[in-house]
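Note sheet for the following structure.
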Amino acid sequence: MRISRRGVALLTTVALAGSAGATATSAVAMPRALLRSSIAPSVPSDPMLHGVEAGGAPWVIRKGKSFIRLLSNGELQAKISGLIIPELGNPGPVASVDASLYCANETMPAAVTGTFPLSKKGNAMIEETIVLPSTCLTPVVLINPLGIGSIYIATSGFVG
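Going by the numbering used here, the sequence shown runs without a break in its numbering and finishes at 191.
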């Protein structure tokens with residue numbers, strides 16, 4: 032079988048167009064999850080994490096699904112449902128929260144979100160894109176009350 036120069040040129044054009052399409056498709060790939068975790072509320076006897084003290088009251092998640100998710104494009108989402116101080120039946124004076132990303136055993140956060148409202152029922156949704164460090168070993172997200180970075184009232188993790 033003999034292939035003309037015109038046929039070779041056509042096959043080459045089709046092959047190059049196909050590879051360009053594959054490159055364009057991979058360039059818009061969906062971000063992957065770097066961290067997915069439930070949320071563990073803090074109690075005063077919890078340890079200091081990354082130089083941050085546990086809140087001075089016991090916190091519980093009364094109901095609902097709470098989670099933290101961090102994507103490779105820097106999108107951080109924390110859905111908090113029913114995070115309250117049981118003695119009060121609400122979050123008390125805490126009317127807002129933010130999230131801090133820590134890596135390895137660092138005492139300075141790699142990134143911090145803005146502050147988001149926490150309802151009287153203990154519900155909040157933190158959604159923000161943060162700048163990620165190039166490497167983050169053992170990532171953890173702390174939930175801070177009222178923009179106070181030296182205290183956490185919840186963290187990525189779980190309670191059995």
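Where a beta carbon is used, it is the ideal one built from N, C-alpha and C, also for glycine.
Can you tell me where the beta strand (DSSP E) holding residue i begins and where it ends?
| i | result |
| --- | --- |
| Ile157 | Ala155 to Thr160 |
| Val128 | Ser127 to Tyr133 |
| Leu101 | Phe98 to Leu102 |
| Lys110 | Glu106 to Ile111 |
| Arg67 | Ala64 to Pro72 |
| Leu173 | Val171 to Pro176 |
Please classify residue i as buried or exposed, where buried requires at least 16 other C-beta atoms within 10 Å of its C-beta.
| i | result |
| --- | --- |
| Thr160 | exposed |
| Arg62 | In the sequence under discussion, the amino acid at residue 62 is Pro, which differs from the Arg named in the question. Counting Cβ neighbours within 10 Å, Pro62 comes out exposed, since fewer than 16 surround it. |
| Pro117 | exposed |
| Gly120 | exposed |
| Gly86 | buried |
| Pro122 | buried |
Comparing C-alpha positions only, which one of the options sits nearest to residue i?
| i | options | result |
| --- | --- | --- |
| Ala130 | Met61, Gly188 and Gly180 | Gly180 |
| Ile182 | Ser103, Ser73, Pro122 and Leu101 | Ser73 |
| Met156 | Gly86, Phe147 and Gly123 | Phe147 |
| Asn136 | His81, Asp77 and Ser76 | His81 |
| Thr166 | Cys134, Phe98 and Ile184 | Cys134 |
| Leu102 | Ala71, Ala88, Arg67 and Pro122 | Arg67 |
| Pro124 | Lys152, Gln108 and Ala71 | Lys152 |
| Met139 | Ile111, Gln108, Glu158 and Val172 | Val172 |
| Ile174 | Gly105, Val190 and Ile99 | Ile99 |
| Trp90 | Gln108, Pro75, Ser150 and Leu149 | Pro75 |
| Leu107 | Lys94, Glu158, Val59 and Ala185 | Glu158 |
| Ile111 | Asn104, Ala126 and Gly105 | Ala126 |
| Ser69 | Ser150, Ala109, Gly105 and Pro78 | Ala109 |
Under the DSSP definition of a beta bridge, which residues are partnered with residue i?
| i | result |
| --- | --- |
| Ile116 | Asn121 |
| Thr146 | Paired residue(s): none; Thr146 is not in a bridge. |
| Asn136 | None, per the DSSP bridge assignment. |
| Ala185 | Pro72 and Ile174 |
| Leu192 | Any property of residue 192 remains undetermined from this structure, which presents the chain solely from 32 to 191. |
| Val91 | Ile115 |
Please report how far the alpha carbon of residue i lies from the alpha carbon of residue j, in whole angstroms.
| i | j | result |
| --- | --- | --- |
| Ile92 | Leu114 | 4 Å |
| Val83 | Pro170 | 15 Å |
| Leu177 | Gly145 | 10 Å |
| Lys94 | Ala60 | 35 Å |
| Val128 | Gly188 | 17 Å |
Could you check whether the Cβ of residue i sits closer than 9 Å to any Cβ belonging to chain C?
| i | result |
| --- | --- |
| Ala126 | The structure shown has no chain C; it contains just one protein chain. |
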